[in-house]
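A.B. asks:
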Amino acid sequence: MRAIRVLKAVEVRDGDALARLEPSEMLEIDFAIDFEEAAIGRQEKVLNMSNGAFVRELSDSRTFCRKIDVQMMREKGLALGGTLENAVVFDGDQVLSPGGLRYADEPVRHKMLDALGDLALAGGPILGRYTGIRAGHALTNRLLRVLFATAGSWRFVECGEVTGGKLPGVGVHHGDLPSRL
Numbered sequence: 015m016r017a018i019r020v021l022k023a024v025e026v027r028d029g030d031a032l033a034r035l036e037p038s039e040m041l042e043i044d045f046a047i048d049f050e051e052a053a054i055g056r057q058e059k060v061l062n063m064s065n066g067a068f069v070r071e072l073s074d075s076r077t078f079c080r081k082i083d084v085q086m087m088r089e090k091g092l093a094l095g096g097t098l099e100n101a102v103v104f105d106g107d108q109v110l111s112p113g114g115l116r117y118a119d120e121p122v123r124h125k126m127l128d129a130l131g132d133l134a135l136a137g138g139p140i141l142g143r144y145t146g147i148r149a150g151h152a153l154t155n156r157l158l159r160v161l162f163a164t165a166g167s168w169r170f171v172e173c174g175e176v177t178g179g180k181l182p183g184v185g186v187h188h189g190d191l192p193s194r195l
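According to this note's numbering, the residues represented by the sequence shown are 15 to 195, in order.
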């Protein structure tokens, strides 16, 4: 298996949003969000994505939105399959979804899940540290384009057992799966 090793830092910004990749021996994700809604607020989480962390820490984190955005999304043909059971809906300081949050920091976990999915489109697993601050799909996509366009910032590496064990999804066992999945 080949992985993409980040050799030097690359970064993109859009206003107060930032996405960055820098060298690391494994995929690490550091993500921060900041919402006006008191129920979301400011959240930050850092995860080393090796040894099944994706399954244990992120896989059951639901997408989220604000109640005021639901009607607008439906009018645009978005979120048509969204329900209070498969998404988290916030209204100010309240969580409208039955049962509340699966994790106190479920929103930032879902943003990390989004970033992991975006990075998976790179053409191989990433060995590097991803930092996202208020970043979304478009910014992470732009970051990957800058990474690949910047000479000397990356290279393919063959993964042996040691390196392979540092990749997302490696080392996952059935017992690691959240009971909700």
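The C-beta atom is built at its ideal place from N, Cα and C for all residues, glycine as well.
Taking C-beta to C-beta, are V60 and D44 nearer than 8 Å?
C.D. replies: It is a contact, given that the beta carbons lie within the stated cut-off.
A.B. asks: Find the nearest neighbour of S38 within the set A134, I147, I140 and F170, judged by alpha-carbon distance.
C.D. replies: With distances taken between Cα atoms, S38 lies closest to I140.
A.B. asks: Roughly how many angstroms separate the alpha carbons of A33 and V26, rounded to a whole number?
C.D. replies: So the alpha carbons of these two residues sit roughly 5 Å apart.
A.B. asks: Here's a check: name, in chain order, each residue in its chain whose Cβ is nearer than 6 Å to the Cβ of K125, leaving out the five neighbours to either side.
C.D. replies: Cβ neighbours of K125 beyond the five flanking positions: F45 and I47.
A.B. asks: Can you look up G131 in the DSSP assignment and give me helix, strand or coil?
C.D. replies: Correct three-state label for G131: helix.
A.B. asks: Do you know how far the Cα of D28 is from the Cα of R148?
C.D. replies: C-alpha separation (whole angstroms): 9 Å.
A.B. asks: Measure the alpha-carbon distance for L72 versus G55 and round it to whole angstroms.
C.D. replies: Computed Cα separation, rounded: 19 Å.
A.B. asks: Could you tell me whether any non-hydrogen atom of the ligand ADP is closer than 7 Å to the CB of G91?
C.D. replies: The model on display carries no ligand, and the ligand ADP is accordingly not part of it.
A.B. asks: Taking 8 Å as the limit between beta carbons, can you name the residues of its chain near A101, skipping five residues before and five after?
C.D. replies: Closer than 8 Å at Cβ, skipping near neighbours: R76, T77, F78, C79, A93 and S111.
A.B. asks: Measure the alpha-carbon distance for F49 versus W168 and round it to whole angstroms.
C.D. replies: Cα to Cα, F49 sits roughly 33 Å from W168.
A.B. asks: Do you know how far the Cα of F104 is from the Cα of M86?
C.D. replies: Using only the alpha carbons, I get a separation of about 15 Å.
A.B. asks: Measure the alpha-carbon distance for G166 versus V109 and round it to whole angstroms.
C.D. replies: One C-alpha to the other measures close to 46 Å.
A.B. asks: Report buried or exposed for G161, applying the criterion of at least 16 other Cβ atoms within 10 angstroms of its Cβ.
C.D. replies: The residue asked about is misnamed: residue 161 is Leu in this sequence, not Gly. Flag for L161 reads buried.
A.B. asks: Under 8 Å Cβ to Cβ from R123, same chain only, skipping five residues before and after it: list those, please.
C.D. replies: Hits under 8 Å: K59, E71, L72, S75 and Y117.
A.B. asks: Let's test the definition: count the other Cβ atoms within 10 Å of the Cβ of L153 and tell me whether it reaches 16, buried, or not, exposed.
C.D. replies: By the neighbour-count rule (16 or more Cβ atoms within 10 Å), L153 is buried.
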